[in-house]
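One structure below.
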Amino acid sequence: MRARTWKLVGTIVAVAAVGVVVGLYVSKLTTEAGSPSYTVPVKTVNGKPVVDLTIQTVAAVGPQLSPSHPDFVSYLIRNAQGKWMRDTVWRLPAHATVHVTIYNFDGASGLRNSYLARPQGIDGNTYSVDGKTLDVIDPDDASHTFAVPAYGLIVALPGVADNAKNQCGYAPCSLSMAHRTIQFTFHTGSAGHFRWQCFVPCAAGWLYGFGGPMQTIGYMDGFLNIA
Amino acid sequence: MNATTAQPGPNHARRVIVAWIVLSLIATPLVAIFLGPNIPPGNGSDQATQQVFDNTVMVSLLTPVICLLLVFFVYALAQFRKPRGSALADGPPLREQRTVQLLWIVLTSLTVLFLAGFGTFELLQNGAGGGQGPAPVAIPSGPKMQVQVIAQQWEFTYRYPSYGGLETSQLVLPADTQIELHVTSLDAVHSFWAYQLGIKADANPGVDNVAYLKTKGPQTFSVHCAELCGLWHGYMFSQGKIVSESDFAAWVKQQQELFASVKQYMPPYSTAYFPDPQRRAG
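Those sequence lines, one after another, are chains Y and B.
Under our numbering, the first residue of the first sequence carries the number 15, and numbering increases by one thereafter.
Under our numbering, the first residue of the second sequence carries the number 9, and numbering increases by one thereafter.
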């Protein structure tokens, strides 16, 4: 009888322990990005954190940065050494001013929802496109969007003209190649874990552009880890 | 144990029934009064309140059934235990009990029929918060404000046709107003679930899924996608607001100013959209 009791207690404890481990693992998965994040260098201006985030969007990420999916459309981020990396999980400080520069080397495919052509959630709700201040673009001209839904941040990126010369084939693309330059500023809030994504189904070769890089973290979407 | 040699014992059936009735008479009102009002989804709309009432009715009906099971199990465990040290013996044979069979069939049939009638009645009152497709049958009376819910991977946006086709990424509704939601999608299959409003309607591309709600007082509510729709499905949530009429008017004005620059590019209002890039939404 005593042996049976110990067996029963042992089983209950083992099941509870496994449950706790599984629970902790699931909790970790749901509260972390799931991949290491790139810590964007921070400077301090007037005692407040300021970040320069420089990224590019490319039509094909290339074998150098993504050997398994060289044809995937992708975002890249420039690190402190000026090197372009395929890393879409970024660590940013809380309550910081973030100056974003996006070099878009991809052509236009158009927004599915025209409403997203209006920039929102950024300073002044306007942005700079090739040095010109805009509060909207023609939805047909959009190539991608940079959006952080939790911040209400939506920025449509105009694409490179179809007949532009010296278009970039594979990333990383040089700034001497045809591109659009988009600049805007937004502000991070409290610490948290926020996804960002492209709202243009831009996965060439997939049904309506929905598959591949649109459904794989690390290309057209990622996280802002605000700490 | 041989049935012919069994000693007459206590009337177990009577004991179980009495205990069941007593327990049910105590538990059912407690469940209906104290648990019922706290059952989801909440009190954000008439439909949500109606769902709380429906859930209360169901749980109240369920309580006597659970009581019967509990009483039977506890009684059986206590009464029909094998005495310590006694030999393992078979119980008395089961005999046909027509009265029990008849009661079982009649009671369960009545319960199921009542629930079918009750459920149908509740559904037909105002749609009960569910999507009714493009040709709804349960239409509440009176004027309604139309709001279109457009799902896409992975965000909901909202279009207000009666305010110049205004589109926003936050759902804001005026208090005490009858709302006619037109739920659709421009890419994959989603499901619009405004939890505290008691609204859940599938968002399918090419389909105008109509759902009704009557808002209550100012409050916030959560919106989730309730249909696995791809990579960021788990992040497809936001908060909506019910505000006073004056706050709603101020919010509309503010959004219209923000919306002004993109208005020229918006396609005419349509009740449905398609994934085809040539038939864009918004």
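Ideal placement from N, C-alpha and C gives every residue a C-beta, glycine not left out.
Best match in the options for proximity to residue i [C-alpha to C-alpha]
i	options	result
tyrosine 273(B)	Asp137(Y), Thr71(Y), Ser128(Y) and Ile231(Y)	Ser128(Y)
glutamine 262(B)	Val218(B), Val180(B), Ser246(B) and Phe200(B)	Val180(B)
serine 88(Y)	Asn177(Y), Val143(Y) and Pro77(Y)	Pro77(Y)
tyrosine 277(B)	Ala202(B), Gln154(B), Ser199(B) and Ala21(B)	Gln154(B)
glycine 223(Y)	Asp195(B), His232(B) and Gln204(B)	Asp195(B)
asparagine 139(Y)	Val54(Y), Gln197(Y), Ala156(Y) and Phe208(Y)	Gln197(Y)
methionine 244(B)	Tyr168(B), Ile158(B), Phe282(B) and Asn19(B)	Ile158(B)
histidine 20(B)	Ala234(B), Leu38(B), Phe80(B) and Asn134(B)	Phe80(B)
lysine 271(B)	Arg167(B), Ala84(B) and Gln58(B)	Arg167(B)
proline 63(Y)	Met191(Y), Pro107(Y), Gly121(Y) and Asp137(Y)	Pro107(Y)
asparagine 239(Y)	Ala28(Y), Thr53(Y), Ala178(Y) and Phe119(Y)	Thr53(Y)
threonine 199(Y)	Gln134(Y), Gly33(Y), Pro215(Y) and Gly61(Y)	Gln134(Y)
alanine 74(Y)	Met228(Y), Tyr141(Y), Tyr184(Y) and Thr147(Y)	Tyr184(Y)
serine 82(Y)	Thr230(Y), Cys187(Y) and Met191(Y)	Thr230(Y)
glycine 173(B)	Lys152(B), Gly50(B), Phe267(B) and Asn46(B)	Phe267(B)
leucine 189(Y)	Asn118(Y), His113(Y), Ala94(Y) and Leu221(Y)	Asn118(Y)
threonine 119(B)	Ser68(B), Asp98(B) and Thr165(B)	Ser68(B)
leucine 167(Y)	Asn177(Y), Ile136(Y), Gly145(Y) and Cys187(Y)	Ile136(Y)
aspartate 184(B)	Gln87(B), Ser254(B) and Gly238(B)	Ser254(B)
tyrosine 203(B)	Pro49(B), Arg22(B) and Gly44(B)	Pro49(B)
proline 213(B)	Phe126(B), Trp112(B) and Ala280(B)	Ala280(B)
valine 215(Y)	Arg126(Y), Lys21(Y), Asp85(Y) and Gly203(Y)	Checking the sequence shown, residue 215(Y) turns out to be proline, not valine. Proline 215(Y) has its Cα closest to that of Arg126(Y), out of Arg126(Y), Lys21(Y), Asp85(Y) and Gly203(Y).
isoleucine 69(Y)	Thr195(Y), Met191(Y) and Ser142(Y)	Thr195(Y)
tyrosine 141(Y)	Val114(Y), Ser123(Y), Leu22(Y) and Ala122(Y)	Val114(Y)
valine 65(Y)	His109(Y), Pro227(Y), Asp144(Y) and Lys179(Y)	His109(Y)
glycine 203(Y)	Leu221(Y), Trp220(Y) and Ala241(Y)	Ala241(Y)
aspartate 120(Y)	Asn180(Y), Gly96(Y) and Lys146(Y)	Asn180(Y)
Residues of its chain near residue i, where Cβ-Cβ distance is below 6 Å and the 5 sequence neighbours each way are ignored
i	result
glycine 137(B)	Gln55, Gly206 and Ile207
alanine 11(B)	Residue placement at alanine 11(B) is flagged as unreliable, the pLDDT there being 46, under the threshold of 50; the coordinate-derived value follows with that caveat. So the list reads Pro100 and Pro101, once near-sequence residues are dropped.
glycine 232(Y)	Thr102
tyrosine 83(B)	Val24
proline 8(B)	Nothing about residue 8(B) can be reported from this structure: the residues present for chain B run from 9 to 290 only.
asparagine 51(B)	Thr57
leucine 76(B)	Trp28
arginine 12(Y)	Nothing about residue 12(Y) can be reported from this structure: the residues present for chain Y run from 15 to 241 only.
tryptophan 20(Y)	none
Cut-off 7 Å between Cβ atoms - residues of its own chain near residue i, not counting five sequence neighbours on either side
i	result
glutamine 211(Y)	Ala161, Met234 and Asp235
proline 144(B)	Gly135 and Val218
leucine 43(B)	Val67
proline 283(B)	Leu194, Asp195 and Pro213
glutamine 96(B)	It should be pointed out that residue 96(B) corresponds to leucine in this sequence rather than to glutamine. Cβ within range, chain order: Lys90.
8 Å CB neighbourhood of residue i in its chain, flanking five on each side removed
i	result
arginine 18(Y)	none
threonine 164(Y)	In the sequence under discussion, the amino acid at residue 164(Y) is alanine, which differs from the threonine named in the question. Excluding sequence neighbours, alanine 164(Y) sits near Gly206, Phe208 and Arg209.
alanine 27(B)	Val79 and Tyr83
isoleucine 47(B)	Val60, Asn63, Thr64 and Val67
alanine 94(Y)	Pro55
leucine 79(Y)	Ser88, Leu90, Trp98, Met99, Arg100, Ala185 and Pro186
Presumed contact (8 Å Cβ cut-off) between residue i and residue j, rounded CB distance
i	j	result
serine 199(B)	alanine 209(B)	7 Å
threonine 25(Y)	serine 157(Y)	That pair is no contact at about 58 Å.
threonine 159(Y)	valine 169(Y)	6 Å
threonine 58(Y)	histidine 201(Y)	About 15 Å; that fails the 8 Å criterion.
tryptophan 259(B)	tryptophan 162(B)	Contact flag wrong, Cβ pair sits at about 24 Å.
threonine 36(B)	threonine 64(B)	About 11 Å; that fails the 8 Å criterion.
valine 231(B)	alanine 211(B)	Contact doesn't hold; Cβ gap of about 11 Å is too wide.
phenylalanine 213(Y)	leucine 148(Y)	With 8 Å as the limit, phenylalanine 213(Y) and leucine 148(Y) do not qualify as a contact, their Cβ atoms being about 18 Å apart.
phenylalanine 246(Y)	glycine 226(Y)	For residue 246(Y) there is no data in the structure shown, the boundaries of chain Y being 15 and 241.
methionine 228(Y)	alanine 217(Y)	5 Å
glutamate 175(B)	lysine 152(B)	Incorrect: roughly 19 Å between the Cβ atoms, too far for contact.
### Query
Quick check: the stretch 214 to 226 of chain B against the stretch 248 to 258 of chain B, are there 3 or more CB pairs under 8 Å?
Taking a contact to require three or more Cβ pairs closer than 8 Å, the stretch 214 to 226 of chain B and the stretch 248 to 258 of chain B qualify as touching.
### Sufficient close CB pairs (3 or more, under 8 Å) joining the stretch 169 to 185 of chain Y to the stretch 141 to 158 of chain Y
These segments touch.
### Task
Quick one: which unbroken beta strand (DSSP E) runs of 3-plus residues sit fully inside the stretch 26 to 100 of chain Y? Chain order, please.
For the stretch 26 to 100 of chain Y, whole beta strand (DSSP E) runs of length 3 or above, ordered along the chain, are 56 to 59, 62 to 72 and 88 to 92.
### Task
Return the chain-ordered ranges of every beta strand (DSSP E) run that is complete within the stretch 170 to 240 of chain Y and spans a minimum of 3 residues.
Taking only runs of at least 3 residues, the beta strand (DSSP E) segments lying wholly in the stretch 170 to 240 of chain Y are 194 to 201, 206 to 211 and 235 to 240.
### Task
Note down, one range per segment and in chain order, each alpha helix (DSSP H) of at least 4 residues found wholly within the stretch 185 to 271 of chain B.
The stretch 185 to 271 of chain B is shown to contain whole alpha helix (DSSP H) runs of 4 or more residues at 253 to 271, in chain order.
### Whole beta strand (DSSP E) elements within the stretch 91 to 174 of chain B, 3-residue minimum
DSSP runs (the beta strand (DSSP E)) wholly in the stretch 91 to 174 of chain B: 153 to 160 and 163 to 168.
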